[in-house]
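S.K.: Below: one structure in structure tokens.
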Amino acid sequence: MIYFDNAATSYPKPPEVFEAMLKFMKESGGNPGRSGHRMATSAEAMVGECRNALSKFFGLKQPERCVFTLNCSDALNMAIKGIVQKGDHVITTVLEHNSINRPLQQMADDGFITLTRVNPAEQGGWQVEEIIKAVTPKTRMVALTHCSNVTGVINPVAELGKALRAAGDNITYLVDAAQSAGVVPLDMEAAQIDLLAMPGHKALYAPTGTGALLIGSRFNADKIHFWREGGTGGDSTAPHQPAELPYRLEGGTPNTMGIAGMLAGLRFIGKIGPTATLEHDRKIIKHLIGALESDKRFTIYGTKDISRKAGALSITIKDRDNAETASILDQAFSIAVRPGLHCAPYTHKHLGTFPTGTLRLSPGYFNTIEEADEVIKALQEIAS
Ligand SMILES: Cc1ncc(COP(=O)(O)O)c(C=O)c1O
């Protein structure tokens, strides 16, 4: 199988990742912080090591502000539902995944918040001024994506961080790093991001069931209302959830197997270098664009400027149904891609591709130019 669906989840994972998970399972599979014995303390040490490594990777100086979650949606829900209050105004964009769209739309429909969904002028990417123009005195949160999961366009989140600080100190800045974490280097403190949500299972190479919410040092974490209460392994006499991070937001046994995988994934990125994946993805995307852009049967969505793109390319083929094409690619050519709306309906309305969507090609670090050539050949064959 040629796997071009890395924007959904990365495959394959580096062998180091599943070897670390197996080793953890075999040798130290205790419950972190729950008991004093060696297996529990070694599990706790591994979880702490991953917290340190993940925090360092994104420029977060206080690792206790790194909260492990189930996935990126979980981290985004924790931030949105934990912070936004009745009467607040929230700004987002049409380029979001449903894990931002749906919680905010539900709050707006319930009359709880007012919502501005910025529709940028450029296809697939927003400009700082467009977001700042939407700020009102009631704006409590700006929640948007670093990198579009449909077009792969990288948005200027660091520039927006500075502009938002100038616009008002009460605005919480939440960035969805689902498609950028592990691919596009980001120092969240320098970018003045309050909350950074990410999955572990995409370009951090961890298994599914992993993610994190990173809370910037200037943000008052007491403002996040916890909604998952339970055991933390700490003081069990306390009648309420502990106030201190990360336990305040981490009730229940964590996904230790997954976190062992995430630690190995972070070490893998450390070994290949933080920009290796981006450079590699861009080489493949550039190759795909080069082969398809002058052929009138194909339409490419979003900028073709490779310096502003990460690992996703959306296309359509003239007179071909995306779902059917994906099925032919799978069945006849052994190529995995994702057709349709990619959980981003407003993005496709913005692109003019709603409701049928596009065909998303998302290469990853383990794909080769030779595989890209096979994908191009298959697409040309289907087009004709
Ligand atoms: C931009 C974006 N945000 C959020 C998510 C949700 O991630 P998860 O499936 O880890 O919850 C995705 C998943 O593809 C995504 O692409």
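Residue 410 is where the sequence shown starts when you use the numbering used here, and the numbers rise one by one after that.
C-beta atoms are modelled at their ideal positions from N, C-alpha and C, and glycine is treated no differently.
When DSSP labels each residue in this structure, what does Ile-500 get in the three-state scheme?
M.R.: Ile-500 falls in the strand class under three-state DSSP.
S.K.: Candidates Glu-783, Leu-672, Ala-781, Lys-705: which alpha carbon is nearest Lys-432's?
M.R.: Considering only alpha carbons, the answer is Leu-672.
S.K.: Spatial neighbours of Gln-650 within its chain, please: C-beta separation below 7 Å, excluding the five flanking residues on both sides.
M.R.: So the list reads Phe-635, Glu-638, Arg-657, Gly-660, once near-sequence residues are dropped.
S.K.: Taking the straight line between their C-alpha atoms, what separation do you get for Ile-715 and Thr-684?
M.R.: So the two alpha carbons sit approximately 14 Å from each other.
S.K.: Determine whether the Cβ of Ala-630 lies closer than 9 Å to any Cβ atom of chain D.
M.R.: In the structure shown, chain D does not exist; there is a single protein chain.
S.K.: So for Gly-520, helix, strand or coil by DSSP?
M.R.: Reduced to three states, the DSSP call for Gly-520 is coil.
S.K.: Can you find a heavy atom of ligand 1 that lies under 8 Å from the Cβ of Asp-483?
M.R.: Yes, Cβ of Asp-483 sits closer than 8 Å to a heavy atom of ligand 1.
S.K.: Is it right to say Ser-437 is buried, meaning 16 or more other beta carbons lie within 10 angstroms of its own, or is it exposed?
M.R.: The residue in question, Ser-437, is buried, as its Cβ has 16 or more Cβ neighbours within 10 Å.
S.K.: Measuring straight from C-alpha to C-alpha, what distance separates Ala-753 and Ser-451?
M.R.: Taking the straight line joining both Cα atoms gives about 41 Å.
S.K.: What does the alpha-carbon distance come out to for the pair Ile-602 and Gly-682?
M.R.: Each residue's alpha carbon lies about 23 Å from the other.
S.K.: Report the start-end ranges of each alpha helix (DSSP H) in the segment 506-559 that is 4 residues or longer and not cut off at the edges.
M.R.: Fully enclosed alpha helix (DSSP H) runs of 4 or longer: 507-518, 537-541.
S.K.: Could you tell me whether any non-hydrogen atom of ligand 1 is closer than 8 Å to the CB of Pro-608?
M.R.: Yes.
S.K.: Just to confirm, is the Cβ distance from Ser-464 to Asp-585 under 9 Å?
M.R.: Contact: no.
S.K.: For Thr-765, count neighbouring Cβ atoms within 10 angstroms of its own Cβ and tell me buried if that reaches 16, exposed if not.
M.R.: Exposed, since its Cβ has fewer than 16 Cβ neighbours within 10 Å.
S.K.: Residues in its own chain within less than 6 Å of Met-430 by CB, not counting five upstream and five downstream?
M.R.: Excluding residues within five positions, the ones whose Cβ falls inside 6 Å are Met-666, Ala-669, Gly-670.
S.K.: How many angstroms separate the CA atom of Val-537 from the CA atom of Leu-553?
M.R.: If you take the alpha carbons of Val-537 and Leu-553, they lie about 12 Å apart.
S.K.: Assuming Tyr-710 is part of the beta strand (DSSP E), what are its boundary residues?
M.R.: Taken as a continuous stretch (DSSP letters only), the beta strand (DSSP E) holding Tyr-710 covers 707-710.
S.K.: Roughly how many angstroms lie between the CA atoms of Ser-419 and Ala-587, to the nearest whole one?
M.R.: Looking at the two C-alpha atoms, the distance is approximately 12 Å.
S.K.: Whole angstroms is fine: what's the gap from Lys-470's alpha carbon to Glu-598's?
M.R.: Lys-470 and Glu-598: Cα-Cα distance of roughly 8 Å.
S.K.: Where do the N-terminal and C-terminal ends of the alpha helix (DSSP H) with Ser-736 fall, by residue?
M.R.: It spans 731-742 - the alpha helix (DSSP H) in which Ser-736 sits, taken as one unbroken run.
S.K.: Would Ser-743 be called buried (16 or more neighbouring beta carbons within 10 Å of its own) or exposed?
M.R.: Flag for Ser-743 reads exposed.
S.K.: Say yes only if the C-beta of Gln-588 is nearer than 8 Å to one or more non-hydrogen atoms of ligand 1, and no if none qualify.
M.R.: True, at least one ligand heavy atom lies under 8 Å from that Cβ.
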